[in-house]
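Protein chains in written order, with this note's numbering: chain A, 7 to 241; chain B, 29 to 333. Working notes for the structure below.
This is the structure:
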């Protein structure tokens, strides 16, 4: 279980997150909110890439506020970047091995890749360099989280850059991942269809949690807001 | 061969013993052994140190090993090796130099290699440079390579200097005729107080000729590197040079590409990028459970793969 207690994060005078209190233990938790509301910052705080200027973060009851990225990863937190990173000379298979923490066999690598809709034999020996498209990289990023199989997986806009075909599969990937890890999957997303599979939804705005609750309660409100915006736009 | 010499041979050529087929093995300044094969003749030069290698026209899928090993401190040598590659050949040449300097004097090997690649011949040249030793004496290597490529020939050069060479100046000059192609892939890693300089000079003289000169470099500690790459387009040709370098600690790297188009049909490109390891690369690998140091090693190893 992940717990954020009164977490704030500022850069200089600008406060990006304010007094965040969250307890996250469900299967799928979606984080949504307008651009600049602090969603990605929240994800980075959980992964340890940045540390809160105030407040505490607990993971499975342990205070991880000052824990390094490496130690958090080793204790069971995974983080899929919004913009995956390229590595000259490192192959897809090697990266999957690093993610799994052991030498991955060809058949294991193939399994991870086919789950995200990539024909494994075309990819395992490819370098994770500029020859891969944004969508391909995005899927490899998800395959890496699959290879890790940790109890908490955080995805920052996994659907961005992924085509329609993969969209339905993406949801299946998350479902399968949960079957395997029995953990929590936190997904930052704007997509209705992803919000729709969430057990709970967190809505951030201006660096604060404005809604957190069961999907059944939060989702209709979000749709109302969107509809009224559309209406306002048309008039 | 003693243990030190065997280890050096392993480092530069991936072999433990005398290679099979055509070879020439030079140890501590003299020819230790050589062997010609049916299609590949190795002849010792009479007027100066070195060998001539004659590869019969039409020789396919054969290789030649010509490793050089120095394990005696303070030895300095200059060797001339000439490769005459016949028409329509398809061959691999594996060269390399390993120095073990356990003393206080400098050891130096300088090789002057000339390649004459005949019409429609294909040649792959692999060269590894490696140094080690616990003394204060430095390991120096200064290779010079001349390449003359006839019509329709193809040559691939893979050169690597990964460890232990204190100072190097590598000069490669090539002239290409019609439809000839030269691909160079260079990998260099320097550390400590090392210095490495490489200079490429490629003249594209024939229509349809082309070259790719690609360098990947990692400079650590206080080491310094300089990469100079000149491509001259004298014909309807294509040329591409790329220098990609990672700098760490207090190291410095200079990349000086120069492309000169004399013919309006010449198409020439240069690219150069120098920088430290991207922070996001380190962080990504750390989110997979690697420490910062492990992440750094993975990135460097991949880069020089």
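Quick reminder that beta carbons are idealized off the backbone N, C-alpha and C, glycines included.
According to DSSP, residue 110 (chain B) shares a beta bridge with B:80 and B:142.
For residue 100 (chain A), the number of other beta carbons within 10 angstroms of its own is at least 16, and it is reported as buried.
Look at residue 52 (chain A) here: in three-state DSSP terms it is helix.
When DSSP states are grouped into helix, strand and coil, residue 64 (chain B) belongs to the coil group. For residue 89 (chain B), the enclosing beta strand (DSSP E) starts and ends at 88-98. With a cutoff of 9 Å on beta-carbon distance, residue 93 (chain A) and residue 151 (chain A) are scored as not near each other.
Under the Cβ criterion of 9 Å, residue 217 (chain B) is not counted among the residues facing chain A.
Separation of the CB atoms of residue 131 (chain B) and residue 167 (chain B) is rounded to 11 Å, and the pair is thereby denied contact status at 8 Å. Contact annotation: the segment 187-199 of chain A touches the segment 153-167 of chain A, with at least three C-beta pairs closer than 8 Å. Judged by their CB atoms, residue 68 (chain B) and residue 79 (chain B) are not nearer to each other than the 9 Å cut-off.
If the five residues before and after residue 123 (chain A) are omitted, its C-beta is found closer than 8 Å to the C-beta atoms of 145, 171, 172 and 175, all from its own chain and listed in chain order. Its chain contains 195 and 252 as the residues whose beta carbon lies nearer than 6 Å to that of residue 223 (chain B), once the 5 sequence neighbours on both sides are disregarded; these appear in chain order. Against chain A, a Cβ distance below 7 Å from residue 319 (chain B) picks out 76.
Interface annotation, residue 95 (chain A): in contact with chain B, CB-CB separation under 9 Å. Ranked by Cα distance from residue 326 (chain B), the first of A:95, A:213 and A:80 is A:95.
Residue 22 (chain A) and residue 213 (chain A) do touch by the CB rule: their CB atoms are close to 5 Å apart, below 8 Å.
Under DSSP, residue 125 (chain B) shares a beta bridge with B:96 and B:157.
Taking a 10 Å sphere around the C-beta of residue 136 (chain A), we find fewer than 16 other C-beta atoms and assign the residue as exposed.
When the alpha-carbon of residue 188 (chain B) is set against those of B:170, B:241, B:156 and B:97, the nearest one is in B:156. For residue 38 (chain B), the enclosing alpha helix (DSSP H) starts and ends at 31-41. Per DSSP, residue 9 (chain A) lies in no alpha helix (DSSP H) segment; the continuous beta strand (DSSP E) that holds it begins and ends at 8-17.
Chain order gives the chain A residues near residue 312 (chain B) as 87 and 91, where near means a beta carbon separation below 7 Å.
Residue 190 (chain B) places its beta carbon less than 9 Å from that of residue 158 (chain B).
Looking at the DSSP output, residue 32 (chain A) shares a beta bridge with no other residue. Proximity of residue 104 (chain A) to chain B, defined by a Cβ-Cβ separation below 9 Å, is satisfied.
Interface criterion met: the Cβ of residue 150 (chain A) is under 9 Å from a Cβ in chain B. Within 9 Å of the CB of residue 84 (chain A), the CB atoms of chain B belong to 315 and 316, in sequence order along the chain. Against chain B, a Cβ distance below 7 Å from residue 107 (chain A) picks out 317.
In chain order, 315 make up the part of chain B whose C-beta sits under 7 Å from the C-beta of residue 53 (chain A).
When secondary structure is reduced to three states using DSSP, residue 69 (chain A) falls in the strand class. As summarised for the segment 125-165 of chain A, the continuous alpha helix (DSSP H) elements at least 4 residues long and confined to that stretch are 126-129 and 140-154, given in chain order. With contacts defined as CB atoms closer than 9 Å, residue 180 (chain B) and residue 207 (chain B) qualify as a contacting pair. Taken in chain order, the whole beta strand (DSSP E) runs of length 3 or more contained in the segment 268-292 of chain B are 280-289.
Under the three-state reduction of DSSP, residue 151 (chain B) is assigned to strand. Annotation for residue 209 (chain A): no alpha helix (DSSP H) segment contains it, though the beta strand (DSSP E) segment containing it runs 206-211. Under DSSP, residue 299 (chain B) forms a beta bridge with B:270.
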